[in-house]
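Oh and the sequence shown: position 182 is 182 in the UniProt record's numbering, straight run, nothing missing.
Scroll down for the structure; my scribbles are underneath it.
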Amino acid sequence: MSTIELNKRQELILQIVKDNGPITGEAIAERLDLTRATLRPDLAILTMAGYLEARPRVGYFYTGKTGAQLLTDKLMKIKVKDYQSIPVVVNESVSVYDAICTMFLEDVGTLFVVDRESLLVGVLSRKDLLRASLGKQELTKIPVNIIMTRMPNITMCEKDDFLLEVAGKLIEKQIDAIPIVRHTEKGIEVIGRVTKTNMTKALVALSGDEII
Numbered sequence: 001m002s003t004i005e006l007n008k009r010q011e012l013i014l015q016i017v018k019d020n021g022p023i024t025g026e027a028i029a030e031r032l033d034l035t036r037a038t039l040r041p042d043l044a045i046l047t048m049a050g051y052l053e054a055r056p057r058v059g060y061f062y063t064g065k066t067g068a069q070l071l072t073d074k075l076m077k078i079k080v081k082d083y084q085s086i087p088v089v090v091n092e093s094v095s096v097y098d099a100i101c102t103m104f105l106e107d108v109g110t111l112f113v114v115d116r117e118s119l120l121v122g123v124l125s126r127k128d129l130l131r132a133s134l135g136k137q138e139l140t141k142i143p144v145n146i147i148m149t150r151m152p153n154i155t156m157c158e159k160d161d162f163l164l165e166v167a168g169k170l171i172e173k174q175i176d177a178i179p180i181v182r183h184t185e186k187g188i189e190v191i192g193r194v195t196k197t198n199m200t201k202a203l204v205a206l207s208g209d210e211i212i
C-alpha cells in the first residue's frame, strides 16, 4: 500500500471547504465546474481520510487536522488484537539449556513460562538466560523456574487493550515483549504476545495506509 497523496482537485476541494464550510457537495461541484458524480469519489476519500467531516442536510466541514494528527488519531484506536503475534511458551520444568535452544530456534527475545495446566507462571528474557549462562553452571540441570520473572511481577495486557498504551508499558519496563492473557477460573492463560516488532509493523502500516 502507498501513502495517500492529495491530487490538485482534492487540494482545491479542501481549500473551498476551509473558506466556505459548511458547504454542500453540489456547491463545491459548481465552484469547480464539475458534476456531483465526478466529485463524489474525491469527497469520499477526503472524508474517510479524516480531512473533512460530512453532516446530512448541512454539508462538509474542514476538520482542521494535519496528516500527523490524523495518523495519531488512527494509532490511538488500534487494539492489541490487531497486531498480536503467536506466543512461544515453555514449561516451568524445562532446563535453561532447552529454553536457550527454543529461543534460538523460534527467533524470539522472550519466552512465556507455563505450568502443567498451561497457565502463566513466569517470563524469560534474553537477559535472564544470558545471566544464567555466565559461570560454570550446568545449564541442562537448572530449571527455568529458578531464573524466570514470576507473578505478580509480570507485565501483561489483554487483546482489547489499546496498542499505544501497551507500547508505553514496553518502554516503561524496558522489556521486549508483553504476554496477551485471558483470565479464567483456573488462572491466567497466554493467548498471544505483543513485541516491539509488532509496534513497528503498526506504525509502518499506518504511515503507508492507502485510504480509498
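In this text, a Cβ means the ideal position worked out from N, Cα and C, and glycines have one as well.
Asked, Found
"Return helix, strand or coil for Arg57, following the three-state DSSP convention.", "coil"
"Reducing DSSP to helix, strand and coil, say where Glu117 ends up.", "coil"
"List the residues that DSSP assigns as beta-bridge partners of Gly25.", "Bridge partners of Gly25: none, in fact."
"Going straight from the alpha carbon of Glu26 to that of Leu39, what length do you get?", "9 Å"
"CB-CB under 6 Å to Met199, same chain, minus the five flanking residues each way: which ones, in chain order?", "Ala167"
"Would you kindly work out how many angstroms separate the C-alpha atoms of Ser2 and Pro22, rounded to a whole number?", "Note on Ser2: pLDDT 38, under 50, position unreliable in the model; the coordinate value appears next. When rounded, the distance between both Cα atoms is 30 Å."
"Between Ala99 and Leu75, is the Cβ-Cβ spacing less than 8 Å?", "no"
"Write down the C-beta distance between Ile180 and Arg193 rounded to the nearest angstrom, noting that I regard them as a contact closer than 8 Å.", "6 Å"
"Just to confirm, are Ile45 and Gln10 a CB contact at a threshold of 8 Å?", "yes"
"Please report the straight-line C-alpha distance between Asp209 and Leu203, rounded to a whole angstrom.", "For Asp209, the predicted model reports a pLDDT of 48, less than 50, meaning its position is unreliable; a value from the coordinates is still stated below. Those two C-alpha atoms are separated by around 10 Å."
"Taking the straight line between their C-alpha atoms, what separation do you get for Glu172 and Glu138?", "34 Å"
"With a cut-off of 8 Å on the beta carbons, I'd call Ile154 and Val96 a contact; round off their distance for me.", "That pair is no contact at about 19 Å."
"How far does the alpha helix (DSSP H) with Val190 in it reach, from first residue to last?", "Run containing Val190: none in the alpha helix (DSSP H); it sits in the beta strand (DSSP E), 188-195."
"Using CA coordinates, which residue listed in Asp33, Arg126, Val190 is at the minimum distance from Cys101?", "Arg126"
"On the DSSP bridge list, what partners appear for Gly122?", "Val113, Arg150"
"Whole angstroms is fine: what's the gap from Leu120's alpha carbon to Phe61's?", "50 Å"
"So which of Gly135, Met48, Gln84, Arg36 has the shortest CA-CA distance to Asp161?", "Gln84"
"Quick check on Leu12: does DSSP put it in helix, strand or coil?", "helix"
"Just mark Ile13 as buried or exposed, buried being the case when its beta carbon has 16 or more other beta carbons within 10 Å.", "buried"
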